[in-house]
Amino acid sequence: MVAVNPALGRAPRRRSPGRRKLTWTAWGFATPFLILFLVFMAGPIVASLLMSFTDLTTRDLRTPFNVNLVGFENYVHLFEDPRFLRSMLNTGIFVVVGVPLTIVVALLVALALNTGITKFRTVFRVGYYAPVVTSIVAIAIVWRFILQPDGLLNGFLSWFGITGPNWLEDTTWALPSLILMAVWRNIGTLMVIFLAGLQGVPQEQHEAAMMDGAGAVKRFANVTIPALRPALLFAAVITGIGFLQFFEEPFVMTRGGPLDSTLSGAMYTFNQFGFGNYSFASAASYVLFLAIVVLSLVQFRLLREKP
Amino acid sequence: MTSQVTDARKPTDVGRPTDGHRTRRRSNTTRKTVLYVVLTLGVVAMVFPFIWMVLGSFKTNAEIRRSPLGFLPENPTLDNYAQLFGRLDFTTFFTNSVIVAVFVTLGNIVFSSMVGYALAKLEFAGKRLLFGMVLGTLMVPGVVTFVPLFVLTSNLGLVNSYPGLILPFLITPLGVFLMRQFIGSLPDDIIEAARIDGASEWRIFLRVIMPLCGPAVAVLTILTFLGSWNNFLWPLVVATSEEKYTLPVALALYSVGQNAAQYGLMMAGAVVVVIPVLLVFVVLQRYFVQGIALTGIK
Numbered sequence: 011m012v013a014v015n016p017a018l019g020r021a022p023r024r025r026s027p028g029r030r031k032l033t034w035t036a037w038g039f040a041t042p043f044l045i046l047f048l049v050f051m052a053g054p055i056v057a058s059l060l061m062s063f064t065d066l067t068t069r070d071l072r073t074p075f076n077v078n079l080v081g082f083e084n085y086v087h088l089f090e091d092p093r094f095l096r097s098m099l100n101t102g103i104f105v106v107v108g109v110p111l112t113i114v115v116a117l118l119v120a121l122a123l124n125t126g127i128t129k130f131r132t133v134f135r136v137g138y139y140a141p142v143v144t145s146i147v148a149i150a151i152v153w154r155f156i157l158q159p160d161g162l163l164n165g166f167l168s169w170f171g172i173t174g175p176n177w178l179e180d181t182t183w184a185l186p187s188l189i190l191m192a193v194w195r196n197i198g199t200l201m202v203i204f205l206a207g208l209q210g211v212p213q214e215q216h217e218a219a220m221m222d223g224a225g226a227v228k229r230f231a232n233v234t235i236p237a238l239r240p241a242l243l244f245a246a247v248i249t250g251i252g253f254l255q256f257f258e259e260p261f262v263m264t265r266g267g268p269l270d271s272t273l274s275g276a277m278y279t280f281n282q283f284g285f286g287n288y289s290f291a292s293a294a295s296y297v298l299f300l301a302i303v304v305l306s307l308v309q310f311r312l313l314r315e316k317p
Numbered sequence: 003m004t005s006q007v008t009d010a011r012k013p014t015d016v017g018r019p020t021d022g023h024r025t026r027r028r029s030n031t032t033r034k035t036v037l038y039v040v041l042t043l044g045v046v047a048m049v050f051p052f053i054w055m056v057l058g059s060f061k062t063n064a065e066i067r068r069s070p071l072g073f074l075p076e077n078p079t080l081d082n083y084a085q086l087f088g089r090l091d092f093t094t095f096f097t098n099s100v101i102v103a104v105f106v107t108l109g110n111i112v113f114s115s116m117v118g119y120a121l122a123k124l125e126f127a128g129k130r131l132l133f134g135m136v137l138g139t140l141m142v143p144g145v146v147t148f149v150p151l152f153v154l155t156s157n158l159g160l161v162n163s164y165p166g167l168i169l170p171f172l173i174t175p176l177g178v179f180l181m182r183q184f185i186g187s188l189p190d191d192i193i194e195a196a197r198i199d200g201a202s203e204w205r206i207f208l209r210v211i212m213p214l215c216g217p218a219v220a221v222l223t224i225l226t227f228l229g230s231w232n233n234f235l236w237p238l239v240v241a242t243s244e245e246k247y248t249l250p251v252a253l254a255l256y257s258v259g260q261n262a263a264q265y266g267l268m269m270a271g272a273v274v275v276v277i278p279v280l281l282v283f284v285v286l287q288r289y290f291v292q293g294i295a296l297t298g299i300k
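Line by line, the protein sequences give chains A and B.
Under the working numbering, think of the first position of the first sequence as 11, with each following residue one higher.
Under the working numbering, think of the first position of the second sequence as 3, with each following residue one higher.
As structure tokens, then:
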């Protein structure tokens with residue numbers, strides 16, 4: 011960890027003779043990937059944008075080029091649709107509540123694991139990470155049971171004399187329930203990122219601050235947080251991107267209900283695809299894409315290292 | 003490292019009263035106990051759904067639904083599993099999941115390593131553009147490509163086929179990124195030495211680079227296999243008949259409607275999907291940690 015990075019002293023790469031031949035060889039390595047990339051990733055990304063300006067529906071499935079251009083009509087309709095607006099609002103709530111909550115909980119767990127915990131470290135790590143590797147379909151089965159009216163959560167609450175609601179059928183509680191589920195599912199990833207980031211916190215600075223009589227809170231704010239900044243930025247960006255695409259939880263738990271209270275942007279898009287409104291679904295997916303780009307840029311602005 | 007730090011501090015500590023030492027140690031012990039208690043409570047909350055799932059799969063439906071809820075199964079039964087395997091063709095679903103995951107993983111290893119080597123160690127026209135495109139797609143949400151991919155798959159006649167389930171996932175930008183980062187960290191000298199010996203680039207790639215890529219390939223294997231195993235939206239749309247269902251698709255379709263009330267049965271299904279993955283994860287957990295460190299920040 012303290013050792014000097016041998017890569018730092020590396021000499022600049024020499025230009026080999028026969029550079030043109032090397033370019034051909036290099037493209038030989040890259041071409042198989044490039045073909046798959048163009049056909050199954052870059053192509054569809056562009057196609058989706060183009061589709062969003064047409065009237066493509068399920069009837070045109072076999073003749074996807076035989077469609078009419080409609081300009082921004084799909085986008086206009088989208089923003090006139092109260093269900094779409096509702097889905098964007100839900101997604102917004104989900105991001106604004108879910109992302110900070112996941113980051114804070116994961117950071118607390120990572121900090122706790124990093125403070126001289128030697129026994130059962132692996133057990134803790136495995137336990138907190140287990141939900142990440144688990145199939146959402148299986149998770150849904152268990153969580154539906156936890157959240158149903160006579161389920162586990164209400165059974166637990168009844169010990170304290172609280173009568174819990176029907177979590178998934180209640181328009182007030184359905185979204186918070188899904189947020190809780192998503193936080194539970196994402197803590198592990200961020201915990202690992204923060205644990206890796208905490209390795210980079212300079213121990214000497216911590217000790218120096220301690221000598222100067224700085225308390226734990228002050229040391230956390232002045233030493234730990236600045237050193238964790240890259241990890242925090244990374245965590246915020248990937249969680250933001252993930253939560254903006256909030257789909258699996260409502261899809262398997264509520265199908266967007268009750269009364270659209272858990273309908274997310276991605277869920278709305280998928281529903282439109284299901285109705286056969288392909289061009290409309292593409293337009294909705296691009297609005298979501300744009301939201302992701304904007305959020306990521308904002309996070310980079312806010313969290314990047316101060317010069 | 004820790005012992006060194008303590009040793010280095012000792013001389014300055016000599017003059018201090020031992021009292022201070024003792025209070026500090028005592029408060030340290032208290033602090034540690036509190037930490038262990040909190041972490042344990044947290045971890046119990048995290049894994050409780052899994053424990054509940056496993057226990058529930060051995061209970062009768064009546065027992066699961068009874069109020070107040072019991073924890074351990076009173077009369078453990080294998081009925082749920084017998085019904086699960088009797089009623090549904092779980093062997094087929096399991097095989098399909100394995101076939102898809104194996105091909106997707108192999109594809110990712112082969113294609114990501116090749117392009118990763120080119121991006122990390124070779125100079126060629128268009129390199130920056132290629133890498134830029136790969137990075138650019140990292141931010142694109144899955145729903146954006148969903149509709150065109152379906153139109154494409156449908157027109158290629160690949161709906162309800164293994165290629166339809168596999169082809170769109172043979173490459174991932176994240177895989178390329180991971181392999182490029184790892185190969186980039188290998189020293190140039192070994193490549194230069196092999197070049198001087200007259201080895202072709204392909205030979206260098208296969209004989210020099212790949213044998214050193216063990217850790218990165220391990221990480222890539224685990225992450226892709228797992229992603230494929232748990233993937234469910236695309237197979238749900240593309241696999242239209244039972245003989246092509248993967249495990250999550252079968253479970254998702256089976257756990258709605260009238261079956262939803264069959265809690266014991268559902269829990270058993272969930273166990274069959276989750277437990278193999280959890281076991282593999284427990285065995286290989288350090289690679290997961292490495293994987294995130296490799297793809298993320300260092």
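Note that beta-carbon positions come from the ideal geometry of N, C-alpha and C, so glycine has one too.
Since this is a predicted model, take the numbers as computed values, not measurements.
Chain A has no Cβ within less than 7 Å of the Cβ of T155(B). For L79(A), the pairing in a beta bridge is given by DSSP as T64(A). For W236(B), the enclosing alpha helix (DSSP H) stretches over residues 235 to 240. Between L280(B) and S99(B), the C-beta gap is not smaller than 7 Å, which leaves the two residues out of contact.
For K123(B), the enclosing alpha helix (DSSP H) covers residues 92 to 123. Taken in chain order, the complete alpha helix (DSSP H) segments of 4 residues or longer contained in the stretch 188 to 255 of chain A are 213 to 221, 226 to 229, 235 to 254.
Between the alpha carbons of L154(B) and A195(B) lies a distance of about 46 Å.
Within the same chain, no residue comes within 6 Å of I103(A) by CB-CB distance, once the 5 residues on both sides are set aside. Between the C-alpha atoms of M51(A) and T147(B) there is a straight-line separation of about 7 Å.
Using a CB distance cut-off of 7 Å, P165(B) does not count as an interface residue toward chain A. Every alpha helix (DSSP H) stretch that sits fully inside the stretch 25 to 89 of chain B and reaches 4 residues is listed by chain position as 63 to 67, 81 to 89. In the three-state reduction of the DSSP assignment, S243(B) falls in the coil class.
Less than 7 Å divides the Cβ of V102(B) from the Cβ of S230(B). Excluding sequence positions up to five before and after Q309(A), its CB lies within less than 8 Å of the CB of L243, A246, V247, G250, all in the same chain and listed in chain order. Shown here, Q158(A) sits in coil according to DSSP, grouped into three states, outside any helix or strand. Chain B places a beta carbon closer than 7 Å to that of F134(A), counting this residue as a contact.
DSSP places G186(B) inside the alpha helix (DSSP H), whose first and last residues are 175 to 186.
Neighbours of S187(A) in chain B, taken as residues whose beta carbon is under 7 Å from its own, are absent, since the nearest beta carbon is some 13 Å off.
Per DSSP, reduced to three states, the secondary structure at N281(A) is helical. With its beta carbon at least 7 Å from every one in chain B, F230(A) lies outside the interface. The DSSP-derived three-state label of I127(A) is coil. The DSSP-derived three-state label of N176(A) is coil. Leaving aside the five residues that flank V106(B) on each side, the residues in its chain whose CB is nearer than 7 Å to its CB run, in chain order, I168, F171, L172, T226, S230. If you compare the alpha carbons of A120(B), L253(B), E244(B) with that of N233(B), the shortest gap goes to L253(B). With at least 16 other beta carbons inside 10 angstroms of its own, R154(A) counts as buried.
Distance from the CA atom of L151(B) to the CA atom of S257(B), rounded to whole angstroms, is 27 Å. Distance from V136(A) to V284(B) at the Cβ level is roughly 6 Å; contact confirmed, criterion being Cβ atoms closer than 8 Å. In this structure, DSSP gives F126(B) a state outside helix and strand, which the three-state scheme calls coil.
From the beta-carbon of Y265(B), the residues of chain A found nearer than 8 Å are F155. Counting the other CB atoms within 10 Å of its CB gives D199(B) a total below 16, which places it among the exposed residues. Comparing alpha-carbon positions, the option among M61(A), G210(A), F75(A), L178(A) lying closest to L121(A) turns out to be G210(A).
For the stretch 68 to 83 of chain A, the beta-carbon criterion of a distance under 8 Å to any beta-carbon of chain B is satisfied by L71, R72, P74. The shortest CA-to-CA distance from Y139(A) to any of W169(A), F94(A), I203(A) is the one to I203(A). Between the beta-carbon of V251(B) and that of P237(B) there is about 5 Å, and that keeps the pair under the 8 Å contact cut. Separation of A294(A) and P54(A) (C-alpha to C-alpha, rounded to the nearest whole angstrom) is 15 Å.
Assignment of S156(B) by DSSP, reduced to helix, strand and coil, places it in the helix class.
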